[in-house]
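Here is the structure we will look at, set down as structure tokens.
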Amino acid sequence: MKNNLLITSLIAATCLALQAVDAQAQNGRNPFVPYSEVGLGLGTASYYGEIAGYRKPLKSTFLMMRWSAGAMYTRHFTPKLAARASFTWARIAGDDYTYNRKDLNSGIVQYARNLHFRNDLKEFALSGIYQFVPDGRNPNYRAKLTPYVFLGIAALAHSPEARTPVGFGTTPDDTEQRWVKLQPLGTEGQGQNGVKPYSLVTLAIPVGFGVKYRLNDRFGLAGEIGFRYTPSDYLDDAGGAYPDPTILKDDLARVMSDRRLEPTAARKGGDRVAELQNYLNTTDPMGVLAADPAYATRGADGVFNDGYMTISFQVHYVLTPRIKCPPIK
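Mapped onto my numbering, the consecutive letters of the sequence shown carry residue numbers 3 to 331.
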């Protein structure tokens, strides 16, 4: 199912680009002059997965919103169709404590799990663009306001990180919390007993919409919202069950794998004991978490893969097209 979705999206994006080129090639008398533009963008990034669920999209989008930046090159083949190559660098993050502490009735299992992460994403994408308002015969006659949609395929490099527990030193002299990379640790037993580590390079399907505003003949502004679905369940390092801790490679892997019994929030250090005592109605909440199988879930185990969304505000510059003069007869 995952591969079929990726293949379908790739075919759709490729067909869109080929249709644009074919339309231009078959209409030699079309007065439209193809042109290119470059752009830079800044904005936000939001994550969706085990730690910020798809079922609460507004909360997941805005609660732990982080940053994004990008650069792009767009080639306009026809008045409505274009192809774009883009690079996006974005940070996503999630935290069980922050996401669930004000809603323990529906999020107690995730609150007890106490996982968190951050991940810097590097995305290279090729996308087809359809403009609902056509351009004029050359870039000087672009529409003042142009809504558009896009669909593409992207290669994505990533590496999730998390903070070590309070008082756990990664070296004998290290007593502060440190951000450490999670994939090399194999927090779900990857790399042990024949379990393959998850890849730090995956695919993504960018899809979204935006609006362009023409400032003058050369410059324009744009606002864009784009969602990316990935075949990876490990942008957050949480995809399966808790492993047998004895198979993990070292103490660091063990403490980063299971954060349930820490008395403080793993990322920010806020106290959890009083809230757990009150909600679980016990003086020994950590004992309950260790013994009750209801709190033994780490990841969704493939139910939903991870995704992310960017909201970007862009500045575009139109590259002057070379206009061919008719031959003198």
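A virtual CB, placed ideally from N, CA and C, is assigned to each residue, including glycine.
Worksheet item: Smallest Cα separation from residue 271: which of 77, 168 and 62?
Response: 168
Fill in: Rounded C-alpha distance that separates residue 158 from residue 266
33 Å
Worksheet item: In chain order, which beta strand (DSSP E) runs of at least 3 residues are fully inside the stretch 134-217?
Response: 147-159, 162-165, 181-183 and 203-216
Worksheet item: Can you tell me the Cα-Cα spacing of residue 42 and residue 119, whole angstroms?
Response: 28 Å
Discussion item. Tell me the rounded alpha-carbon separation between residue 166 and residue 275.
Written reply: 19 Å
Practice prompt. Please check the pair residue 226 and residue 316, which I expect to be a contact at CB under 8 Å, by giving their CB distance rounded to whole angstroms.
Written response: 7 Å
Worksheet item: In the structure shown, what three-state DSSP assignment does residue 264 receive?
Response: coil
Discussion item. Can you check which of these residues, 33, 47, 95 and 128, is closest to residue 314 by C-alpha distance?
Written reply: 47
Worksheet entry | beta strand (DSSP E) runs wholly inside the stretch 294-323, at least 3 long, in chain order | 309-321
Worksheet entry | Closest Cα partner of residue 310 within the set 77, 156, 110 and 138 | 156
Worksheet item: What's the gap between the Cα of residue 56 and the Cα of residue 294?
Response: 26 Å
Worksheet item: What residues match up with residue 228 in a beta bridge as DSSP calls it?
Response: 210 and 312
Fill in: Selected residue, minimal CA-CA separation from residue 305, among 77, 234 and 251
234
Worksheet item: Are the CB atoms of residue 249 and residue 195 nearer to each other than 8 Å?
Response: yes
Discussion item. By alpha-carbon positions, which one of 149, 210, 240 and 192 ends up nearest to residue 121?
Written reply: 240
Fill in: Beta-carbon contacts of residue 45 that lie in its chain and below 7 Å, excluding the five residues immediately before and after
70, 312, 313, 314 and 315
Practice prompt. Can you say whether residue 230 is buried or exposed, counting buried as having 16 or more other CB atoms within 10 angstroms of its CB?
Written response: buried
Discussion item. Distance check for residue 254 and residue 285, CA to CA, integer angstroms please.
Written reply: 29 Å
Worksheet entry | Coil, strand or helix - residue 74 by DSSP | strand
Practice prompt. Report the three-state DSSP secondary structure of residue 238 (helix, strand or coil).
Written response: coil
Practice prompt. On a CA-only basis, which of 95, 190, 111 and 228 is nearest residue 281? Give me that one, please.
Written response: 111
Practice prompt. May I ask you to report which of helix, strand or coil DSSP gives residue 109?
Written response: helix
Practice prompt. Indicate the three-state DSSP secondary structure (helix, strand or coil) for residue 47 in the structure shown.
Written response: strand
Item to complete: Give the straight-line distance between the Cα atoms of residue 79 and residue 211, rounded to the nearest whole angstrom.
Response: 19 Å
Worksheet item: Would the beta-carbon of residue 182 fall within 8 Å of that of residue 258?
Response: yes
Discussion item. Assuming residue 52 and residue 302 are in contact, meaning their beta carbons sit under 8 Å apart, how far apart are those beta carbons, in whole angstroms?
Written reply: 5 Å
Worksheet item: In terms of residues, what are the limits of the beta strand (DSSP E) holding residue 83?
Response: 83-97
Discussion item. I need the DSSP call for residue 102, collapsed to helix, strand or coil.
Written reply: helix
Worksheet item: Helix, strand or coil: which one does DSSP assign to residue 61?
Response: helix
Discussion item. Just to confirm the assignment, what range does the alpha helix (DSSP H) spanning residue 278 have?
Written reply: 275-282
Practice prompt. Under 8 Å Cβ to Cβ from residue 116, same chain only, skipping five residues before and after it: list those, please.
Written response: 98, 99, 261, 262, 264, 267, 268 and 274
Item to complete: Quick one: grab the DSSP three-state call for residue 35.
Response: coil
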